[in-house]
Structure formats: C-alpha cells, structure tokens
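Read the structure below first, then the notes.
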Amino acid sequence: MLPGMAGIMAGLSPTDIVVVASIADAGGSSPHTFSGLSFGPEFSGRVLIACTCLRGNAASGMNVSAVTIGGTSAVGNDNGEFLAGGPCIGTGIFAAAVPAGPSGDVVVTWSGQSANASGLILLSVPGISTTAFAQASQAFGGSGGTSSSNTIDIPGHGILIVNEGHSNTNTASLVGVTQRATLTVGTAEFKVGFDRGLAAETARAISASWTTNAARGFQGRSYTQS
Numbered sequence: 000m001l002p003g004m005a006g007i008m009a010g011l012s013p014t015d016i017v018v019v020a021s022i023a024d025a026g027g028s029s030p031h032t033f034s035g036l037s038f039g040p041e042f043s044g045r046v047l048i049a050c051t052c053l054r055g056n057a058a059s060g061m062n063v064s065a066v067t068i069g070g071t072s073a074v075g076n077d078n079g080e081f082l083a084g085g086p087c088i089g090t091g092i093f094a095a096a097v098p099a100g101p102s103g104d105v106v107v108t109w110s111g112q113s114a115n116a117s118g119l120i121l122l123s124v125p126g127i128s129t130t131a132f133a134q135a136s137q138a139f140g141g142s143g144g145t146s147s148s149n150t151i152d153i154p155g156h157g158i159l160i161v162n163e164g165h166s167n168t169n170t171a172s173l174v175g176v177t178q179r180a181t182l183t184v185g186t187a188e189f190k191v192g193f194d195r196g197l198a199a200e201t202a203r204a205i206s207a208s209w210t211t212n213a214a215r216g217f218q219g220r221s222y223t224q225s
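Numbered per numbering that gives the first Met the number 0, the sequence shown spans residues 0 to 225.
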C-alpha cells in the first residue's frame, strides 16, 4: 500500500496538495460549466481550489464574479490584463469546502466578453480554511509584458498557491513557488505552482517570466494548514 493511503482509507485527512483535475476547452459565454470533473478522494476537511484560466480575443476585461464547485460557492480572487486590440487573460484562485463527492461540476461566472478558450486546474487541499491568509496580484497597465510579480505574506505551517497565465505559449518559469501543473488554453499558457509546510515569511517574492510580450494574469494566495 502506498504511503498515506492507509490514512485516507481510514477516513483520516491526507496532508499533501493534489492536482485532481485539469481541463481546457473552447470556452464560450458566461457562465461556463466544466462538467464531471474528478474531485479525488473524499475526506473530512477537504477543500477544493479552482485555478481558473480564461482567454478572450477582445480588448476588454473578463472579471470572475462567482465560482461554484460541486454546487458550493467558492471564495477567491482573479486578476488579468487586456491589450489594445486584444487579447485578454484572466487567472483566479477560488476555494470551497467540499468534503463529499468523488466528482462534480465547476461553474465559472464572469462579466465582459466571451472566452475563446477556457480552462481549469483543480486542487484538493486538506486542513485549510477557504479564507486566505493573504493574497497578491499585479496591477497591469494594458501594454503587456514578459513577466508578472509581487510579494505575499506566508503564515507559519503555510501553503502558497500561484496561478500565472500569459497570452502566448512561451514556456514560463516560476520563482518563489514550485511549478506543479501546466495547461495550454487556446494560444495561452497557464502554470500553477504550490508548496506546503512553509515557515512564516513577510513579503515572499513570487514571479513568473517568459520571452515574448503578452497579456498577463497573476494571482497568489496563502493559507494556514492545520
């Protein structure tokens, strides 16, 4: 039996963060449903975190107003940028307590233009509140760039999650967090990084960089894990 599986089978919460689903599609209008996604093993204290990935063609924002995971409202923030003449990128991190159910739907609602491509990376996280300890994003100017960055406070025994997106498929490098998942959404690339068991830290530097100018999205959130 694999390490940790005995605890899960006995109904005890695991400790690791797990990517339980990753999906990209052709987008469409809001609200958009990602149907029948795996939620991973069920356990008391399970929090599912939706890392949202949106790409639009037009020069207007795509601001996420609501996310539900398995019918439960999620708490979080999103961030993004649109260029003159387009395109637009939006990234978000949204958490909901969903202890039961091996699978279900994730519904993302946003204002503004329709998505010409959309995606989702879904994480299963044990032992956290859905309310973040801290969050960080970047205020973009609408001219694009080859990097995104900010600083974020980390609690003791902390978790850090970062969702980065840019409107081309240049490979990005993450700094300040370990890259765990990459998703191509239309002609955009999104990367999610996370770490757990972190020591308390003030203004931890987090960033992403790539080679060619692009519209950007960058969202980080930290949590205390019990």
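From the three backbone atoms N, C-alpha and C, an ideal C-beta is built for every residue, glycine too.
Contact check for V66 and A83: beta-carbon distance about 29 angstroms, past the 8 angstroms limit, so the pair fails to qualify. CA-to-CA, the gap between P86 and L47 works out to about 29 angstroms.
Contact check for I205 against I151 passes: the beta carbons are separated by less than 8 angstroms. Between N162 and T90, the C-beta spacing is below 8 angstroms.
Here DSSP, grouped into helix, strand and coil, assigns D77 to strand.
For G216, the uninterrupted beta strand (DSSP E) run begins and ends at 215-223, by DSSP. Per DSSP, G60 is not a residue of any beta strand (DSSP E), being assigned neither H nor E.
G111 is the residue among V19, G35, G111 whose C-alpha sits nearest the C-alpha of E80. Secondary structure note for S123: its beta strand (DSSP E) is the uninterrupted segment 116-125.
Per the coordinates, the alpha-carbon of A96 lies some 11 angstroms from the alpha-carbon of E41.
Taking every protein chain shown into account, the CB of A25 has fewer than 16 other CB atoms within 10 angstroms, so this residue is exposed. In the three-state scheme derived from DSSP, where H, G and I count as helix and E and B as strand, T90 is classed as strand. Only residues of its own chain outside the window of five on either side were considered, and among them A65, V66, A95 have a CB closer than 8 angstroms to the CB of S72, listed in chain order.
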